Structure formats: structure tokens, C-alpha cells
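Visitor: Before we start, here is the structure in question, set down as C-alpha cells.
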Amino acid sequence: MSRIEGSFYLKMIKGGNLLGEYTNNDIYSRSWEIANLKEAGDGPFLGKYKSQWLEVEGPYTGELVIERIEDISDTNKQYRLTWYRKNGEIAYMGEAILADGMLMGHYINYY
0 MSRIEGSFYL
10 KMIKGGNLLG
20 EYTNNDIYSR
30 SWEIANLKEA
40 GDGPFLGKYK
50 SQWLEVEGPY
60 TGELVIERIE
70 DISDTNKQYR
80 LTWYRKNGEI
90 AYMGEAILAD
100 GMLMGHYINY
110 Y
């Protein structure tokens, strides 16, 4: 499989869940993602989510983990995101910044 590179945004909605859109060099259009909070972390957006997104083949469900990036000066504004497939393998990894109450960032495929 070729390298996938993309951009996304996620905004918090009711109950701590996330809703967003993304694009990448495989789909060349906007697509959607929704993530339901499973385990809250110790700050906004942090935690584990059951995530569903639309791939070329159709909807896909996995797990999204959002963590702080600890080795930077302002850990409340920069995040590491990891999307896992159902079998526990990493599907995508990305980084985001907090801007206007949303996470905005980029990601690549891990496989």
C-alpha cells in the first residue's frame, strides 16, 4: 500500500464525543469521522474513543487514542493521535494543535 498523508479537524460535541472531517492523498475529497468517548483522560480531548471513519471501501471502526505530547513547552496545546484497527494494529498516527476549540492536524498511515 502506498503512503497516505492527510489533514483533519476534530471538534468536541455533546458528552465529550468528537466529530470531524479529513482528507488525504488517497481520497482527494473530504470525508467524516465520529468518535465516541470510552475513557476520558485528564484534559480536553484526551482519552480513548471508539472511532468510525469512512475509507474508500466503506465505513471502518477502530479505536482512537489522544495523548499529550510531553516533550514540548506547552503540553495543553499539542496532541498525538493514534488510530488502531480492530485487531490492535496501528492504522494511522498524527499530531494536532488546539485551535479555536478544535484539534487540527495531519496524519500518515502506519502500515
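Residue numbers for the sequence shown, in numbering that gives the first Met the number 0: 0 to 110. Note that CB positions come from ideal geometry on N, CA and C, so glycine has one too. Since this is a predicted model, take the numbers as computed values, not measurements.
1. Using the Cβ count rule (16 or more neighbours within 10 Å means buried), how would you classify GLU38?
2. Measuring CB to CB, does TYR21 end up less than 8 Å from GLY40?
3. Would you list the residues sitting across from ASN35 in a DSSP beta bridge?
4. As a quick exercise: from GLU62, GLY46, ARG67, pick the residue whose alpha carbon is nearest that of GLU88.
5. Between which residues of its own chain and TRP82 is the CB-CB distance below 6 Å, once the five residues before and five after are set aside?
6. In angstroms with no decimal places, state the Cα-to-Cα distance between TYR59 and LYS49.
7. Check whether the Cβ atoms of TYR134 and PHE7 sit closer than 8 Å, and answer yes or no.
Guide: Result, derived from the coordinates:
1. Classification of GLU38: exposed, given that the 10 Å Cβ count is below 16.
2. Against a cut-off of 8 Å, the Cβ pair of GLY40 and TYR21 comes out as no contact.
3. The partner list for ASN35 (beta bridge, DSSP) reads LYS49.
4. Closest by alpha carbon: GLU62.
5. Around TRP82: GLY61, LEU63, ALA90, TYR91.
6. Distance between the alpha carbons of TYR59 and LYS49 is about 11 Å.
7. Because the chain in this structure spans residues 0 to 110, residue 134 falls outside the shown range and cannot be described.
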